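Some notes on the structure that comes next.
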Ligand code: HEM
Ligand SMILES: [Cu+2]
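Chains as they are written, first to last, in the numbering used here: chain A, 2 to 109; chain B, 38 to 607.
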């Protein structure tokens with residue numbers, strides 16, 4: 002990737018394909034929002050919605066923001082940003098996950 | 038060679054200040070030095086505004102009754118004080134003023150990597166600042182600088198949305214500055230200036246930039262979410278709408294704890310420069326001091342929960358945040374011990390910058406240590422939201438970060454303006470600030486420990502003596518702050534012209550003229566030594582200033598490709 006960095010020209014077809022993919026995923030999001038998936042399994046609605054969102058974000062970052070064709074350093078910076086987001090999520094969710102159902106030594 | 042030095046300081050020399058005089062040449066400048074000065078004017082203005090609010094707070098608290106203002110007004114006053122001082126003064130202070138001015142020069146570069154982005158960052162800052170002024174005129178906000186919902190998102194009758202937008206916008210100026218610095222440090226170092234030859238000021242700013250880039254987007258999106266909830270009743274933080282207020286605290290502190298390091302790290306960089314140059318010794322344990330900045334930047338992101346021990350955050354998360362908070366004090370302690378070791382057996386000169394550096398050492402140590410008290414799970418239940426916390430963060434933010442800023446302003450004033458400030462007044466005001474500061478904030482530790490809560494305009498009479506002491510200290514502190522404003526302004530017109538290197542300091546910024554030419558150097562500097570190589574500078578001092586240039590010329594010859602820019606004769 003780092004080899005062919007600077008003047009990579011992305012064929013217009015790629016952009017159109019990505020755009021169409023994004024549209025399809027948007028349609029899925031809308032459909033899922035009005036379809037009671039939780040009847041099948043409680044958190045399924047959220048799982049589908051978030052998966053779709055992550056895929057869409059990835060497509061935008063890789064193609065529209067040209068990260069797929071960028072230098073290694075740019076990619077490292079972006080991965081660092083995502084890693085930091087994971088830190089935020091991990092520590093925050095660690096709080097929520099350990100609020101109940103764990104022993105409280107001083108209780109009662 | 039001596040005559041040549043004289044010629045260099047002769048009047049006709051073109052400097053970044055006299056190269057053009059029009060208003061337009063300032064407002065559209067791409068010169069990092071001028072942009073630094075634009076920031077200086079903006080943040081000095083906000084320091085004044087924040088100071089006025091602080092005066093109102095201390096006046097109100099002289100008596101136990103709320104006689105000067107209503108509780109509601111008082112809420113607005115302390116909130117505006119906090120927001121102005123943190124977002125519009127302290128966060129931009131050292132990076133945007135001294136960092137902008139010095140970083141490219143310390144790297145031997147002509148400018149930052151993206152000069153236009155740099156100017157844009159100032160304009161973005163001014164737009165955010167302008168909006169915030171609008172908030173101020175419309176009565177300000179009353180939520181505390183922490184904006185906790187659901188009060189802020191549902192109940193407050195003040196300008197929360199506008200203030201949120203202002204802070205959102207200002208955040209981008211901080212991101213742009215950080216981005217610019219990072220790329221500049223990566224790509225624009227002078228020939229020979231390897232990573233471990235960088236001044237520690239640069240390392241500190243690198244670490245700061247990292248936090249600005251990785252942290253600021255989170256506060257931006259958080260205040261935006263708050264504004265959305267407030268405007269459209271989307272349930273994000275308010276439990277009545279299905280949101281979670283503690284989620285706001287997580288998001289807010291994910292940025293705002295690292296933000297305290299945005300304030301202190303650049304100051305630590307300044308202190309490294311001052312201490313090395315004022316003791317004429319290489320900073321003890323250079324690598325440790327450099328890497329401790331990075332460690333602070335990274336691990337500073339993992340401790341935010343220590344602000345939430347008394348919320349519904351789980352006890353287990355509290356354990357983790359508490360332990361990591363203890364760990365993150367280690368890199369700060371490494372720095373403090375290494376600076377102390379640097380002073381040991383150095384030839385110390387007690388000029389104004391050094392007085393500020395010594396003040397920093399003492400006050401930051403007290404501030405940091407009390408931070409550890411607060412990171413103890415049990416003790417924090419007693420101390421949380423009392424004046425003890427207020428005293429803690431003023432020791433680190435005023436005693437630490439602001440001391441560094443003022444020390445740096447004195448240290449580099451001759452370089453920035455080409456004028457010497459009156460040294461005696463500098464020392465007097467530094468001592469006044471130190472004394473006034475301690476009188477203001479030490480009693481707050483005591484009253485906080487005794488149970489005086491923060492953010493109240495009235496209190497039980499038992500605390501009055503401590504509050505009066507604190508207010509008396511604040512008036513002394515105010516005198517100490519006004520003095521530099523006066524003598525700095527005075528020195529611009531009447532000060533002695535500054536030599537290029539008034540402190541016989543090392544560092545590339547002292548090898549160019551005072552004030553520097555528009556492109557910083559009239560030749561491309563080549564770096565052959567480590568930072569803080571004082572044997573080398575003694576040699577040069579004895580040999581005269583021409584020697585510096587001769588050495589550069591020699592190195593340049595070795596480096597044939599870079600020979601072109603040699604416009605000065607030798
Ligand atoms: C040595 C490392 C430090 C530790 C372990 C530490 C720890 C803490 C803790 C536990 C609190 C929460 C107290 C409470 O609300 O109950 C706190 C508050 C605070 N600290 Fe520190 N601190 C440290 C350094 C700093 C530095 C360097 C700064 C700023 C330059 C700073 C600024 C603040 C501020 C502004 C608050 C109050 C936030 C609020 O308004 O509630 N701290 N600190
Ligand atoms: Cu903190």
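Heads up, the beta-carbon is just placed ideally off N, CA and C, and yes, glycines get one too.
Just so it is clear, the structure is predicted and the values come from calculations on it, not from any experiment.
Not flagged as an interface residue toward chain A: residue 568/B, since no C-beta distance is shorter than 7 Å.
Contact between residue 356/B and residue 307/B is ruled out by a C-beta separation of about 35 Å, above the 8 Å threshold. Around residue 539/B, the same chain offers 451 and 457 as residues with beta carbons nearer than 7 Å, after the five sequence neighbours per side are excluded. For residue 517/B, the enclosing alpha helix (DSSP H) stretches over residues 501-531.
Within the stretch 325-345 of chain B, the residues whose Cβ lies closer than 9 Å to some Cβ of chain A are 338, 339, 341, 342 and 345, listed in chain order. Taking the Cβ of residue 148/B as the reference point, every heavy atom of ligand 1 lies at 6 Å or farther away. In this structure, the alpha-carbon of residue 467/B lies about 10 Å from that of residue 460/B. Below 8 Å, enough C-beta pairs join the stretch 115-124 of chain B and the stretch 179-187 of chain B to call them touching: three or more. As for any beta strand (DSSP E) of minimum length 3 sitting wholly inside the stretch 17-70 of chain A, there is none. Taking C-beta separations shorter than 6 Å and ignoring five residues to either side along the sequence, the partners of residue 535/B in its chain run 451, 455, 456, 457 and 551, following chain order. Interface with chain A (7 Å Cβ-Cβ cutoff): residue 249/B is excluded. Taking 7 Å as the CB threshold, residue 100/A lines the interface with chain B. Between ligand 1 and the CB of residue 87/B, the shortest heavy atom gap is not smaller than 6 Å.
Of the candidates 351/B, 453/B and 171/B, 453/B places its Cα closest to the Cα of residue 71/B. Among the residues of chain A, those whose CB is under 8 Å from the CB of residue 255/B are 89, following chain order. Closer than 6 Å to some heavy atom of ligand 2: that describes the Cβ of residue 294/B. In the three-state reduction of the DSSP assignment, residue 221/B falls in the helix class, which pools H, G and I. Here the C-alpha atom of residue 267/B lies approximately 22 Å from the C-alpha atom of residue 167/B. In the assembly as shown, residue 447/B is a buried residue. Its beta-carbon has 16 or more other beta-carbons within 10 Å.
The C-beta distance from residue 344/B to residue 249/B rounds to 20 Å, too long to fall under 8 Å, and the pair is not in contact.
Distance from the Cα of residue 465/B is smallest, within the candidate group 524/B, 482/B and 324/B, for 524/B. Residue 382/B sits in coil when the DSSP states are folded into three classes, being neither helix nor strand. Taken through DSSP and simplified to helix, strand or coil, residue 110/B comes out as helix. DSSP places residue 52/B in the coil class of the three-state scheme, outside both helix and strand. The shortest CA-to-CA distance from residue 28/A to any of 13/A, 14/A and 49/A is the one to 49/A. Taking a beta-carbon distance threshold of 7 Å, residue 30/A does not count as an interface residue toward chain B.
In the three-state reduction of the DSSP assignment, residue 561/B falls in the coil class. Cβ-Cβ separation between residue 67/B and residue 156/B: approximately 6 Å, consistent with a contact (criterion under 8 Å).
Counting along the chain, no alpha helix (DSSP H) covers residue 271/B, and no H or E run does either. Assignment of residue 456/B by DSSP, reduced to helix, strand and coil, places it in the strand class.
Interface criterion not met: the Cβ of residue 75/A is under 7 Å from no Cβ in chain B. Linking residue 169/B to residue 257/B through their CA atoms gives a straight-line distance of about 15 Å. Per DSSP, the beta bridge partners of residue 423/B are 490/B. Our two residues, residue 545/B and residue 562/B, have alpha carbons roughly 8 Å apart in a direct line. Here residue 401/B really is in contact with residue 433/B; their C-beta atoms are around 6 Å apart, less than 8 Å. Against chain A, a Cβ distance below 7 Å from residue 351/B picks out 96, 99 and 100.
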